[in-house]
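Asker: Take this structure, written in structure tokens, and hold onto it; I'll ask about it next.
In the working numbering, the protein residues as written are 161 to 483.
Written out as structure tokens, the structure is:
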């Protein structure tokens, strides 16, 4: 069993701790922060921890200005998402649970209390996830099935949306009737995940090997290995635009490489090689059709690594902390 995430013995304590990781997020952090007091309303005590991965756009200064009640932690470097979360989790001890939240996700009033209620009402629910909607209020399909070779083939042959019609062939759950209170899945997108105290103690820290993407899949599957399940909470709502990874060749490359890395972590060499081959085929076909993101992903898969991202105007990668 992994060791619990290290917590400073002198760290403050709160019933619920909300942790977010920022990177050049000054343009989006205001809406995120202004929504938090209402989202956290009704809790016994709560603390917000913002871990900044060495932003160059004044993100930390903006956080301090808008939310002096939050704990702002300077990572000192772009550590990646999992490492940033672990750093934040270590700053404040959570008695009842931790909400991991993207800095571009905006919570509805009372959302955190509803997520907390879900994990405390059923000991088998270790992770609670909200209903995620886009900027127009339309449901986003955030629940997922475990990655398998059959599902990788289904996505390569049919495409992700068509493959999702068949549980054995698609990893995304796209049936709106499944998005009801108490629904479960193998994992869920990591824009917003509430982790119970039980899961934090049993599963331990987030993996730091992925840098960005697949760490939420890894965490959810490790929680399932420990005997817990995910619970969907329809009345807890988070607005999350997302979509950047589908436009960014660098982010898409990270997704492709990390999904093969995650599969290899959980399976033997032969099955992992087959899975890698299917993912390579998928990206190669789409690259041949002119998809720029797939060309980048194919190169990264064949090299076995993702090259450094394009440098933006702020002196760092021109990508968000996470989408």
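We put the beta carbon where it would ideally sit given N, CA and C, even for glycine.
#1: What's the gap between the Cα of residue 353 and the Cα of residue 261?
#2: Out of curiosity, what's the CA-to-CA distance linking residue 265 and residue 187?
#3: Does the region 340-353 come into contact with the region 300-314, if we say contact requires no fewer than three beta-carbon pairs (one atom in each stretch) closer than 8 Å?
#4: Residue 213 to residue 242, Cα distance in whole Å?
#5: Closest to residue 484 by CA distance: which of 310, 420 and 428 is it?
#6: Which residues bound the alpha helix (DSSP H) around residue 441?
#7: Among the candidates 281, 366, 294 and 330, whose CA atom is the shortest distance from the CA of residue 341?
#8: Going by C-alpha to C-alpha distance, which of 184, 190 and 251 sits closest to residue 176?
#9: To the nearest angstrom, how far is the alpha carbon of residue 432 from that of residue 310?
#10: Determine the DSSP secondary structure at residue 423, reduced to helix, strand or coil.
#11: Just curious, the beta strand (DSSP E) that residue 286 is in, first and last residue?
#12: Are the beta-carbon atoms of residue 358 and residue 254 separated by less than 8 Å?
#13: Going by DSSP, which residues form a beta bridge with residue 181?
#14: Less than 8 Å between the beta carbons of residue 258 and residue 355, yes or no?
#15: Would you kindly work out how many angstroms separate the C-alpha atoms of residue 270 and residue 461, rounded to a whole number?
#16: Output the distance between the C-alpha atoms of residue 454 and residue 410, rounded to the nearest integer angstrom.
#17: Sorry if obvious, but does the Cβ on residue 208 come closer than 7 Å to a heavy atom of the ligand NAD?
#18: Could you have a look at residue 412 and say whether DSSP puts it in helix, strand or coil?
#19: Using the Cα positions of residue 208 and residue 227, report the straight-line distance between them to the nearest angstrom.
#20: Between the alpha carbons of residue 236 and residue 225, how many angstroms are there, rounded?
#21: On the CB-based measure, 16 or more other CB atoms within 10 Å of its CB, does residue 296 come out buried or exposed?
#22: With distance defined between alpha-carbon atoms, name the residue in 194, 277 and 427 nearest to residue 391.
#23: Pull up the DSSP beta-bridge partners for residue 391, would you.
#24: Under three-state DSSP, which class holds residue 258?
#25: Which residues does DSSP list as the beta-bridge partners of residue 234?
#26: Contact defined as beta carbons within less than 8 Å: I believe residue 219 pairs with residue 184. What is the distance between those atoms, to the nearest angstrom?
#27: In its own chain, which residues sit with a C-beta less than 6 Å from the C-beta of residue 362, not counting the 5 before and 5 after it?
#28: Taking DSSP as the reference, what is the three-state secondary structure of residue 271?
#29: Let me confirm a value: residue 471 is counted as buried when at least 16 other C-beta atoms fall within 10 Å, else exposed. Which label applies?
Answerer: In short, the structure shows the following:
#1: Counting from 1 along the chain shown, the entry for residue 353 is found at position 193. Counting from 1 along the chain shown, the entry for residue 261 is found at position 101. A direct Cα-to-Cα measurement between residue 353 and residue 261 gives close to 7 Å.
#2: Here the question's residue 265 lines up with position 105 in the chain shown. Here the question's residue 187 lines up with position 27 in the chain shown. The C-alpha of residue 187 is placed about 13 Å away from the C-alpha of residue 265.
#3: Between the region 340-353 and the region 300-314 there are three or more C-beta pairs closer than 8 Å, enough to call the two in contact.
#4: Counting from 1 along the chain shown, the entry for residue 213 is found at position 53. Counting from 1 along the chain shown, the entry for residue 242 is found at position 82. Whole-angstrom Cα-Cα distance: 11 Å.
#5: An answer regarding residue 484 cannot be provided, because it is not within the stretch 161 to 483 covered by the chain.
#6: Position 281 of the chain shown, counting from 1, holds the residue named residue 441. In the DSSP assignment, residue 441 falls within the unbroken alpha helix (DSSP H) covering 429-448.
#7: Within the chain shown, residue 341 is the residue found at index 181, counting from 1. Measuring from the Cα of residue 341, the nearest candidate turns out to be 281.
#8: Start at 1 with the first residue of the chain shown, and residue 176 comes out as number 16. That would be 251, whose Cα lies nearest to the Cα of residue 176.
#9: What you label residue 432 is simply residue 272 of the chain shown in a count that begins at 1. What you label residue 310 is simply residue 150 of the chain shown in a count that begins at 1. Looking at the backbone, the Cα of residue 432 and that of residue 310 are separated by about 12 Å.
#10: Taking the first residue of the chain shown as position 1, residue 423 is located at position 263. DSSP, read as helix, strand or coil, puts residue 423 in helix.
#11: For the purposes of this step, residue 286 is identified with residue 126 of the chain shown, where counting begins at 1. Segment 285-293, the beta strand (DSSP E) holding residue 286.
#12: Taking the chain shown and counting its residues from 1, the one referred to as residue 358 is at position 198. Taking the chain shown and counting its residues from 1, the one referred to as residue 254 is at position 94. In this structure, residue 254 does not lie closer than 8 Å to residue 358 by Cβ.
#13: As a working mapping, residue 181 is identified with position 21 in the chain shown. Note: residue 181 sits in a beta bridge opposite 211.
#14: As a first step, residue 258 must be located in the chain shown, where it is residue number 98. As a first step, residue 355 must be located in the chain shown, where it is residue number 195. Yes, these two residues count as a Cβ contact at 8 Å.
#15: For the purposes of this step, residue 270 is taken as the residue at position 110 of the chain shown. For the purposes of this step, residue 461 is taken as the residue at position 301 of the chain shown. Whole-angstrom Cα-Cα distance: 42 Å.
#16: Here residue 454 is taken as the residue at index 294 of the chain shown, counted from 1. Here residue 410 is taken as the residue at index 250 of the chain shown, counted from 1. Annotation: residue 454 to residue 410 spans about 10 Å, alpha carbon to alpha carbon.
#17: Here there are no bound small molecules, and the ligand NAD is not part of this structure.
#18: Your numbering for residue 412 matches position 252 in the chain shown. Reduced to three states, the DSSP call for residue 412 is helix.
#19: Here residue 208 is taken as the residue at index 48 of the chain shown, counted from 1. Here residue 227 is taken as the residue at index 67 of the chain shown, counted from 1. Cα-Cα distance, rounded: 9 Å.
#20: As a working mapping, residue 236 is identified with position 76 in the chain shown. As a working mapping, residue 225 is identified with position 65 in the chain shown. Cα to Cα, the separation comes out at about 20 Å.
#21: In the chain shown, counting from the first residue as 1, residue 296 sits at position 136. Counting Cβ neighbours within 10 Å, residue 296 comes out exposed, since fewer than 16 surround it.
#22: On the chain shown, residue 391 is found 231 positions in, with the first residue counted as 1. The shortest Cα separation from residue 391 among 194, 277 and 427 belongs to 277.
#23: Here residue 391 corresponds to residue number 231 of the chain shown, with the count starting at 1. 288.
#24: By one-based count along the chain shown, residue 258 stands at place 98. Note: residue 258 maps to strand in three-state DSSP.
#25: As a position in the chain shown, residue 234 is number 74, starting the count at 1. Looking at the DSSP output, residue 234 sits in a beta bridge with 212.
#26: On the chain shown, position 59 is the one that residue 219 refers to. On the chain shown, position 24 is the one that residue 184 refers to. Between residue 219 and residue 184 the beta-carbon gap is near 6 Å, inside 8 Å, which marks them as a contact.
#27: Against the chain shown, residue 362 aligns to sequence position 202. Cβ contact annotation for residue 362 (same chain, cutoff 6 Å, sequence separation greater than five): 386, in chain order.
#28: Counted from its first residue, the chain shown places residue 271 at position 111. Assigned with DSSP and collapsed to three states, residue 271 falls in helix.
#29: Looking up residue 471 in the chain shown gives position 311. Confidence at residue 471 is low in this model, with a pLDDT of 48, below 50, so the placement of that residue should be treated as unreliable; the coordinate-derived value is given next. Classification of residue 471: exposed, given that the 10 Å Cβ count is below 16.
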